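Numbering (the numbering used here), first residue to last: 1181 to 1459. Glycine included, every Cβ here is placed at the ideal spot set by N, Cα and C. Remember, predicted model here, so these are calculated numbers, not experimental data. Input: a single structure, listed below in structure tokens.
Structure representation (structure tokens):
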């Protein structure tokens, strides 16, 4: 995962999604060879020369200043996660050769929390989206992770390579893109992580959808939101998810799934958990 081509891809995709009218620039018409803003238009918005921006987009600026990167981020209308990603790609830390790291182990404190969430599906996720631990309620919702080899217990891998996930997630494309965006964020943070690079390579080879989404370079953290499910036992479920990270160990997260009280999804979730206990 080389930061130089990643920086070029990221800037090109973000420039391509903007039109002159989006950034209050006049559009004089004429044929545009590429989608989105031209380099000279973006350079004008960022207050840098066209030559400098061209070299930046090509990864040929050795140490761009924070001020310039922030100006480019504003010109591209980047979100906070995307702005941080731009800084990491443009000013990567010193590269080091890393041996293959050991698989993450769940924090004991997160395991204790997991044990107490009897009626709430929850998993502990590592920074590569590995599923490090889960409770019985999560098994009822997602299936038995324990039946998978440890190296296959990964949210992104299951989403893209397990056909059953397309039936389970009512908004499969949205979920898949969110996973891709998180992996891009992690790739920018950890360009030397061989396990992460291996996972991304496997997904690119095994899933045409992942390959296309990866080329679009979405970037976003996994925080909170809603997911809609079509569960084979209880049917439709609309659940809110929250991602809780320990302040002193943000490489692990406890992800919980809950239903709004007194809703059909709440009733369905209760029925599902009761069914799992009986089973």
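| Asked | Found |
| --- | --- |
| Range of the contiguous beta strand (DSSP E) that encloses residue 1305 | 1302 to 1305 |
| Selected residue, minimal CA-CA separation from residue 1214, among 1194, 1367, 1334 and 1459 | 1194 |
| The segment 1448 to 1457 touching the segment 1408 to 1415, judged by at least three CB pairs closer than 8 Å | yes |
| Same chain, Cβ closer than 6 Å to residue 1217, neighbours up to 5 away in sequence not counted | 1195 and 1198 |
| Buried versus exposed call for residue 1375 [16 or more other C-beta atoms within 10 Å across all chains shown] | buried |
| Given residue 1360 as reference, the closest of 1233, 1396 and 1342 once Cα atoms are compared | 1396 |
| Per-residue DSSP class, three states only, for residue 1334 | strand |
| When 1243, 1420, 1436 and 1344 are compared against residue 1443, the one with the closest alpha-carbon | 1420 |
| Coarse secondary structure for residue 1406, derived from DSSP in three states | strand |
| Integer-rounded CB distance, given that residue 1447 should sit under 8 Å from residue 1440 | About 11 Å; that fails the 8 Å criterion. |
| Residue range of the beta strand (DSSP E) that includes residue 1416 | 1415 to 1424 |
| Simplified DSSP assignment, three categories, for residue 1267 | helix |
| The segment 1283 to 1291 in contact with the segment 1310 to 1329 per 3-pair CB rule at 8 Å | yes |
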